[in-house]
Structure formats: structure tokens, C-alpha cells
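Engineer: Same order as they appear, the protein sequences are chains Z and B.
Numbering (the numbering used here) for the first sequence: 1 to 469.
Numbering (the numbering used here) for the second sequence: 1001 to 1469.
Where a beta carbon is used, it is the ideal one built from N, C-alpha and C, also for glycine.
There are 2 protein chains.
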Amino acid sequence: MSAQTTDYGPVDAAFIAALRALFGELAGERVVTSMAVREQHGRDESYHPGHAPDAVVYARSTEEVAAVVRLCAKARVPVVAYGAGSSLEGHVAAVHGGISINLSQMDAVIAVHQADMDVVVQAGVTREALNRELRHTGLFFAVDPGANATLGGMAATRASGTNAVRYGTMRENVLALVVVLASGEVVKTGTRARKSAAGYDLTRLFVGSEGTLGIITELTVRLHGVPGTIAAAVVPFAHVAGAVQAVIAVMQLGIAVSRIEFLDELQMRAINRYSNTAFACQPTLFLEFGGLEAAVAEQVATVRDICDEHGGADFQWAKDPASRERLWQARHKAAYAAMALRPGAKAWATDVCVPISRLAECIAGAQEDAARAPFPTMVVGHVGDGNFHLPMLVDGDNPSEVAAAKTLNEQVVRRALAADGTCSGEHGIGLGKMNFLLAEHGEPAIAAMRAIKRALDPAGIMNPGKMFA
Amino acid sequence: MSAQTTDYGPVDAAFIAALRALFGELAGERVVTSMAVREQHGRDESYHPGHAPDAVVYARSTEEVAAVVRLCAKARVPVVAYGAGSSLEGHVAAVHGGISINLSQMDAVIAVHQADMDVVVQAGVTREALNRELRHTGLFFAVDPGANATLGGMAATRASGTNAVRYGTMRENVLALVVVLASGEVVKTGTRARKSAAGYDLTRLFVGSEGTLGIITELTVRLHGVPGTIAAAVVPFAHVAGAVQAVIAVMQLGIAVSRIEFLDELQMRAINRYSNTAFACQPTLFLEFGGLEAAVAEQVATVRDICDEHGGADFQWAKDPASRERLWQARHKAAYAAMALRPGAKAWATDVCVPISRLAECIAGAQEDAARAPFPTMVVGHVGDGNFHLPMLVDGDNPSEVAAAKTLNEQVVRRALAADGTCSGEHGIGLGKMNFLLAEHGEPAIAAMRAIKRALDPAGIMNPGKMFA
Chain Z
1 MSAQTTDYGP VDAAFIAALR ALFGELAGER VVTSMAVREQ HGRDESYHPG HAPDAVVYAR
61 STEEVAAVVR LCAKARVPVV AYGAGSSLEG HVAAVHGGIS INLSQMDAVI AVHQADMDVV
121 VQAGVTREAL NRELRHTGLF FAVDPGANAT LGGMAATRAS GTNAVRYGTM RENVLALVVV
181 LASGEVVKTG TRARKSAAGY DLTRLFVGSE GTLGIITELT VRLHGVPGTI AAAVVPFAHV
241 AGAVQAVIAV MQLGIAVSRI EFLDELQMRA INRYSNTAFA CQPTLFLEFG GLEAAVAEQV
301 ATVRDICDEH GGADFQWAKD PASRERLWQA RHKAAYAAMA LRPGAKAWAT DVCVPISRLA
361 ECIAGAQEDA ARAPFPTMVV GHVGDGNFHL PMLVDGDNPS EVAAAKTLNE QVVRRALAAD
421 GTCSGEHGIG LGKMNFLLAE HGEPAIAAMR AIKRALDPAG IMNPGKMFA
Chain B
1001 MSAQTTDYGP VDAAFIAALR ALFGELAGER VVTSMAVREQ HGRDESYHPG HAPDAVVYAR
1061 STEEVAAVVR LCAKARVPVV AYGAGSSLEG HVAAVHGGIS INLSQMDAVI AVHQADMDVV
1121 VQAGVTREAL NRELRHTGLF FAVDPGANAT LGGMAATRAS GTNAVRYGTM RENVLALVVV
1181 LASGEVVKTG TRARKSAAGY DLTRLFVGSE GTLGIITELT VRLHGVPGTI AAAVVPFAHV
1241 AGAVQAVIAV MQLGIAVSRI EFLDELQMRA INRYSNTAFA CQPTLFLEFG GLEAAVAEQV
1301 ATVRDICDEH GGADFQWAKD PASRERLWQA RHKAAYAAMA LRPGAKAWAT DVCVPISRLA
1361 ECIAGAQEDA ARAPFPTMVV GHVGDGNFHL PMLVDGDNPS EVAAAKTLNE QVVRRALAAD
1421 GTCSGEHGIG LGKMNFLLAE HGEPAIAAMR AIKRALDPAG IMNPGKMFA
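(1) Check the Cβ-Cβ distances between A1337 (chain B) and every residue of chain Z, and say whether any is below 8 Å.
(2) Roughly how many angstroms separate the alpha carbons of A459 (chain Z) and A73 (chain Z), rounded to a whole number?
(3) Looking at C-alpha atoms only, which residue of Z:E288, Z:A14 and Z:G85 is the closest neighbour of Y47 (chain Z)?
(4) Which residues of the stretch 67-98 of chain Z have a Cβ closer than 7 Å to any Cβ of chain B? Give them in chain order.
(5) Whole angstroms are fine: how far does the CA of T277 (chain Z) sit from the CA of A270 (chain Z)?
(6) Please report how far the alpha carbon of Q122 (chain Z) lies from the alpha carbon of P1078 (chain B), in whole angstroms.
(7) Counting pairs of beta carbons, one from the stretch 224-237 of chain Z and one from the stretch 280-292 of chain Z, are three or more of them closer than 8 Å?
(8) Excluding sequence positions up to five away, which residues of its chain have a Cβ less than 6 Å from the Cβ of L1205 (chain B)?
(9) Which chain Z residues sit within Cβ distance under 8 Å of V1207 (chain B)?
(10) Report the residues of the stretch 105-126 of chain Z with a CB closer than 9 Å to any CB of chain B, ordered along the chain.
(11) Please list, in chain order, the chain Z residues whose beta carbon lies closer than 7 Å to that of C1362 (chain B).
(12) For V413 (chain Z), which residues of its own chain have a beta-carbon under 7 Å away from its beta-carbon, when the five flanking residues on both sides are left out?
(13) Against chain B, with Cβ distances strictly below 8 Å, would E298 (chain Z) count as a contact?
(14) Give me the Cα-Cα distance between K1346 (chain B) and K1406 (chain B), rounded to the nearest whole angstrom.
(15) Enumerate, from N- to C-terminal direction, the unbroken alpha helix (DSSP H) stretches of 4 or more residues contained entirely within the stretch 1252-1325 of chain B.
(16) So which residues on chain Z does C1307 (chain B) lean against when the C-beta distance must stay under 9 Å?
(17) Check whether chain B comes within 8 Å of T224 (chain Z), counting only Cβ atoms and requiring the distance to be less than that.
(18) Of the residues Z:L393, Z:R192, Z:N148 and Z:D116, which one's Cα is nearest the Cα of A129 (chain Z)?
(19) CB-CB under 8 Å to L134 (chain Z), same chain, minus the five flanking residues each way: which ones, in chain order?
(20) In angstroms with no decimal places, state the Cα-to-Cα distance between R1326 (chain B) and Q1245 (chain B).
(21) On the DSSP bridge list, what partners appear for F1140 (chain B)?
(22) Which residues in the same chain as F23 (chain Z) place their Cβ atom closer than 7 Å to its Cβ, once the five residues preceding and following it in sequence are excluded?
(23) On the three-state DSSP scale, how would you describe G1214 (chain B)?
(24) Would I260 (chain Z) and L285 (chain Z) be called neighbours here (beta carbons separated by less than 8 Å)?
(25) Enumerate in chain order the residues of its own chain whose CB-to-CB distance from T137 (chain Z) is below 6 Å, with the five nearest sequence positions on each side excluded.
(26) Quick one, which of B:L1341, B:E1265, B:Q1267 and B:V1257 has its alpha-carbon nearest T1302 (chain B)'s?
(27) Give the residues of chain Z in contact with E1426 (chain B), contact being defined as C-beta atoms less than 9 Å apart.
(28) Put H1382 (chain B) into one of helix, strand or coil per three-state DSSP.
(29) Show which residues of chain Z have a CB atom less than 7 Å away from the CB atom of L1437 (chain B).
(30) Name the chain Z residues whose beta carbon is nearer than 7 Å to that of L1253 (chain B)?
(31) Quick check on the DSSP output: the alpha helix (DSSP H) that includes A1334 (chain B) runs from which residue to which?
(32) Between which residues of its own chain and M1268 (chain B) is the CB-CB distance below 6 Å, once the five residues before and five after are set aside?
(33) List the residues that DSSP assigns as beta-bridge partners of N131 (chain Z).
(34) For V1186 (chain B) and chain Z, any beta-carbon pair shorter than 8 Å?
(35) Strictly by DSSP, which residues pair up with N1387 (chain B)?
(36) According to the neighbour-count rule (16 or more other Cβ atoms, all chains shown, within 10 Å of its Cβ), is P10 (chain Z) buried or exposed?
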């Protein structure tokens, strides 16, 4: 009764011809089988080995995606959606071959509803492109995973990032989706109403489903007002524990910080080298505040007191837009900065999220385990949500390092689960965390998920080999 | 292939005996078949006719609920969950008979995690009881539908209410659930982590599923800090349109009001009569602000300016806790106040939610249609979310009034759907809105919902006759 099987139909010359027939005279540019393009589409930004699809289709509309999926359904050929390729758990790898549908040309901003603070976009729009489009509206799209991902990919992996502590993740920011199901049917999952009690929450079901239940082709997402006053600051701490305790105190006071990011000593060193900055190489918080003027001043004063109490040095301000931009660029490039510390190494991000009261012990435990690893690691995290990463710089050609990385990753995850946390805060399951999914949810929940998968994708053609072992 | 069928097993003497056997010597008080108790359990606070279950079971643990469900599954007997009976679309009516499981004795607060700002409770805890329990923690549970509903019922109907504009609905406030599935298996849907990208979002699937996919027996919900400074105010307006435009302006500025409620002239008159208050009988906004002191002062000043611009009279303050309490008590009793205007009449609440830019036209349209109705109506709403009700005071014994109420309800819903809104902002589908569910979502989405229903409840025993026509 498994929905996952390897008994798929072949992508042979006849199938490619049928695909090409869908696109008529555009077939040459829209259906591509060159090895370079196929390999690029089977690989994301993670350490996971690539698996090239048999062909890549560049779709330009929901109808085209539906037509391709119908063809694949008839022939029982796997379908994998591809946006920007910035996923971190091998989500785009075509482990059973099949067709990769590239959605990056579906990049239209369909409707900006300024009064309602929402926007309707095609799935291939990237978050940077969307925010450029919105720059004169006084509104912005708040979910920011760092990478310039597509919104479709962000929804599919339930992405979040630095702003989630204030604005929520994709879970909270998607109002409605258009999804092509495994049958090729097109479903609209919601309306533009801010809330609804009408029926099963299909929107939230597809958000985070990693392409295994359908392909997201259009999204309606919430926007937020750009705060009138924005302030950012950097605070180095004497010890990790002090920084984390300060974060806990801030969260408990209900202070609506826009961002509160932790970076450890080595991560700060990496950033300084990579971004040519001169931050203190100490455990550090990067903070952002936004709102009406007096509110921001009050928040800053309160957070400053809290940091003082926990051994923070004085705030270093980034008040003007340019220095704020530099600050967050440096933060966003933390992963590349880390990789530059050990050229040739692969970065395993790791990704757990725990109740905030357990954060200090989970980070300390991770650092203890990491001290025994044969490669450099660091800690960086969206700590306001209890979410942190332990990037590991692993020589992928060295089997003992790879084995040690697997062990360390598992230690970090097991500790998070024991602390009533989750095995993934924002990167998803993909190829990398299928065993942990079971450990986290237990057999009955996984059976329920599998039953839903079978109900919506009985032939198992949607991104097979992911999510469930 | 329908999951809904009337081919259910009988609740006969043998079945009752088997039920009683589960409870041993407590069977007398835990399995009840008296007509009075059965009738009470088949009826909610709505206009929908009651349908008594064949027996009522008072459960005290998840294991007991699971045992009852397993028995029902084996005999193919319907199961309906019952909390406080405060639903508004007939959700508890046992339209195909079967067993009502009363969860009100499952009222334990299992664990308060103050540092993490969450709490684990049994499903029968009411929101007032929970907030009493939390009163010395500086935290509160924010979702407030007015009625003293159980948290299990609130999750099952995706409830919200006056605070949702700032704190979200049950969708945003439930972190994890324990659910008894139709098989009698017990699923835990999540952890205490604030966010997760691990697997399908079962939590959000069960929130709002109205007992049709499983029975919620335990919840982990978010708490929020009680703001240090709270201010509440009443602002009468010359016209409905001015009040609504003021709300739109406040929302667009991103001002985090805690509550922003609209009540029309007749609703204000009803409240004055019922609650012995002396508010102006004009279109009115009830407002609440909360936060740090300077932030609240700044918000108040900004909102005051906005109200002035849109024809609002000056703020009437309710600054001390007692007068704030009186104000919100009056608001919460609006439905009873309405009913008292026409003794003997039933109140049909109606319930739609639209994008805020369409709110003024939707309310004006509803009022126009309502002017032709042979019964009194009023408008009251959580307008910050675009959610409003048009309570209709209908003589249930007068067929022409009942027909007119149906027509008016349909007009309000169709207008909301045409405005890209939803047929239910917070009351759910139940018996009353099955046709509108289809109109809102379309055939493919309803087919997907039905497929999920069949996957998780193949025999169709969970609250049959609801949600899907």
C-alpha cells in the first residue's frame, strides 16, 4: 500500500515526443534534455548528491504545468518542481528520474492589493524580485530565508528565516495557493480573506508538503507595512549563555523585535573574513526593531537593559539604511562565509527548533558534541523562535568526516526531539531527515500522513523518494 | 465512494452494554441514555434543529475516548464530540444518531510552560477556566470567541473572535494536538517548537475539521504576555462608512490594535437595553490597545487622529480594569442583547469575512438587503480582519420569516464570495453552509477534501453529515 514505489514508467523517446507536442514550435526551448541542464536541476545547495531528471520542462502557466502533470500521470512518470534550486535537503533531486518542471519563468506579479496588504504572484517569483516590485507601495513581503528563493519553493518547504520571530513563517503568510494535483486537476485552496473557518485547511496542508502532494503554481501572500522607524544593532556577549538568556527575556516580555539572530565566535570570524567587516569575534546578537518612533525607542531601551543584565557589551548601531543593509547582507552571507573558511568543504547546515527555555542547553550540548568533530562547526540561529543551525564544514571526500557529520547531525536532532522540539525548523525533510520525521511524529502520525499522500497522489508520482522513507 | 452514508450500525442494547463494560462500576454516570441528556447534547446555540445522539459518554482521558471510538469503529456507529455546546452551525447535532462523547470532564491544565509561553491542556478546558488558571503568570490565552467554549471545540471549529486581529485565530495559536482518529489510534500532531518544517501540517489539518477527521483530546497552545499598559475606548461615528474607513486606515498603518470591533446603531441600542449601558446609538467602534506605555500612547494618538478624519466623535475611555471589563462584557453579550430585542426569536448569526478593501461595500450591501427583511437585523464584526456578522432575529415558527432569513443569509454569503471572501470567518460549516463550501472552493478542492476524509475515516463515522453535503 505504499505510495512510494520505483515501478515508474520510462521517459523514452515517445514520452519526450509527447511532451514536446504540448509546446508545439516552442518545444526546443521549453523541453530540454541536455545533460548539463538536467544535472543542474537535480541538485540543490545542500551536501546531498544530485539526481538528474530525465528531462526539464520550462513552464509558463498553471495550464502548462497541469498538461505536463496529466501526461506524467498517464505514463506514471515522476514529477519534481524546481524553483531557484536553493533548497537544503535535496528536495529537487530526481531520485526516481522523471520530469523536472522549472517554474522560474512563471515570475509574474499578478495583482498587488495595497489596501488589503496582499499580493497574488506566480510561483516562480523570487522574494527579492517581489520586494523590488513592491518598493513604492510602503509594503513588503516579510519572509526572508536569506537565499533568493522562489515563493513557490518557500511555500513548499515552509520556509522562514530572520523575520519569522515577528512576521511568522510561510505557514502564517500564505493566504491561498493554486496547486496542480497529481491528477492534473487544478485546486484553489483559499480566498483573500484574512481568516476562514470554511473547510479543511488545504492551504496549510500544501505549505510544507515539499512537492509530494502537488505543484504550487500561484500564491496569495500577506504583505506588511514597512515600519516608519527601523533600527538595527549588534551586541557582542561574553558568553553564549548570556546571549541566549537575553533572547529569552526579550521574548517573554513580548517585545516585537523584527529580528533577533545569534552567531557564535567562529561564525563572526568567518563573516569578518568574508564580508570584510570588523565585528568583535564573540557570541553576538544581531537585532532589528521596527514600528512607530516612540515604540521603537522604548523597545530599544528595554532590550538594551536586558542585554546589559546578561553580559552584553554596548549596542553598535546601524541606523542608516546603508549600514543596516550591510549588516543583514553580512548575516545573509553567513553560510557562504562559513564555507570560505574551509575551501572545498561542503556545508551541512543542520536545522533544529526547540522551546526557547531549552535553547541554551541545546546549543551548549551541540557545541560540546561539535568539539569532538574532525571539522570546523559554528552556531547561527533565529533564536527568537528557538531555531538554530550548526553548520558543519565537511570534506565530502573523506568518509570518516562524512560519518562524523552524520553522527553529529543526529546528536543535534535527537537532543532537540528530547527537548520537545522539531527535527527541522525551516529546511524541511527532503532526503535528509526521513528517519527523524518518524522519530519526531511516531508511527500513527506518519501513517496518517502517508494515507493523505495516497489519497491525493495514489500513483506516487509527485516528488517520490522524499519525506517518507 | 462517498465517506458519508447512512448505513450505520445500530446503537442497540448490546452496543450500550459493550460501552458500559468499558467503564465498569462507573458505567452509570459515564454512559447516559436519558432523553434529557441526549437532547441537550444534540443541540448547540444556533437556530439549527437538534438531533439527539443515542447515548452520551462522559470521557475523562484520551485512552477512554480511544476505547469508545474503537468500539464505534467496529460497529460502524457515528461519533460526535461535545465540549460546551456553544457552536453556531449545528456541529454537535447527531444527524445519523450514534454516540456523543462529552469532553467537559477532561478539564485538566496539564502543564504551564511559562518561559516558553505555552500551555498543554485537555480538550474540555474552557477559555475562561484556562485564563483563571493563568492569572498569576503574567500570561494569557488570547483567542476569545465570546462564548466560554472549550479549547477542543474552539480548535475543531477554527474559532477566533475579538482578539484575532492582533493575536490570530486558533489556526495561529495551536502548536500541537492529540487526536483520536477514526480507527481509535492516537496521533500527536506536533511538538512545542514555535515553528517546524517537518512533515505535513497535521495540526492545521485537524484545526477546523469540525470533528469529521478525529476527536481532539489534548492541545498545546500559545500564550501571550499580558501587556503592561492596556487602554480601551469607544468611538461613535456619524456613518457606517466612516467607521469602516477608519478601520481600514488603522490596519494599513500596521498599528497593532488588540481589538477593533464594529457595532451598528441597532446593536448599540440592544446593548444599552440589555447591559444597562448608555452608549450613543450610532455606528460605533470598540477599541483596545496594549503594549509598553509609550507605544500605547503613540497608538492611541494615531488612531484618534484617524477616527477624527473619518467623522468619529471623541474617544470615550475605559481606562481602569473594571470599566474595560464592563465594556467587553457588553460586547461579548451582544448576541444575547440582540435576542432580547425580540423575545422568542432565534438569532441567526451569519458570518462572512472579506478582504478589508471590500468591507464597506459588503456591509452596505448587507444592510440594503436586510432593510427588506421582515425581521430586525444588526451588524457586528471583528472588522480588523474583515469579518462581520449580520444577526437576524427570526421567528422560527413563521415559515416566511425562515425563508427570508435563508435568502438574506445567502445574499450576504454570495456577496462575500464575489468579493474574494469566505463563507465563514469563524463559525464553520457544520450543517448550515455545506452548499457555500462548494461555492467557495469549487469541485476539485472539495474532491481533495473528501479524499482526505475518506483516507482518515473510511467508514465515515466521525461526525457524519457535516461539512460535506
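Structural biologist: With the structure as the only source:
(1) No, A1337 (chain B) does not count as interfacial toward chain Z.
(2) 8 Å
(3) Z:G85
(4) none
(5) One alpha carbon belongs to A270 (chain Z), the other to T277 (chain Z), and they sit about 10 Å apart.
(6) 43 Å
(7) yes
(8) No residues qualify anywhere along the chain.
(9) D201
(10) H113, Q114, A115, D116, M117 and D118
(11) Residues of chain Z with a Cβ closer than 7 Å to the Cβ of C1362 (chain B) do not exist, since the nearest Cβ in that chain sits about 11 Å away.
(12) V352, C423 and F436
(13) In terms of beta-carbon proximity, E298 (chain Z) lines the interface with chain B, with at least one pair separated by less than 8 Å.
(14) Roughly 13 Å separates the two Cα atoms.
(15) 1265-1275 and 1293-1309
(16) Near C1307 (chain B) there are no residues of chain Z at all, since even the closest Cβ is about 17 Å away, more than 9 Å.
(17) Thr is not the amino acid found at residue 224 (chain Z); the sequence shown has His there. A Cβ of chain B is located within less than 8 Å of the beta carbon of H224 (chain Z).
(18) Z:N148
(19) V112, V119, F140, F141 and L223
(20) 27 Å
(21) In the DSSP secondary-structure assignment, F1140 (chain B) is bridged to B:H1224.
(22) R30 and V31
(23) strand
(24) yes
(25) Counting only Cβ-Cβ distances below 6 Å, and skipping sequence neighbours, we find Q114.
(26) B:V1257
(27) Listed by position along chain Z, the residues whose Cβ is nearer than 9 Å to that of E1426 (chain B) are K195, S196 and A197.
(28) strand
(29) A198 and G199
(30) G225
(31) That run of the alpha helix (DSSP H) goes A1334 to L1341.
(32) F1279, C1281 and T1284
(33) Note: N131 (chain Z) sits in no beta bridge, so no partner.
(34) yes
(35) B:C1353 and B:H1382
(36) exposed
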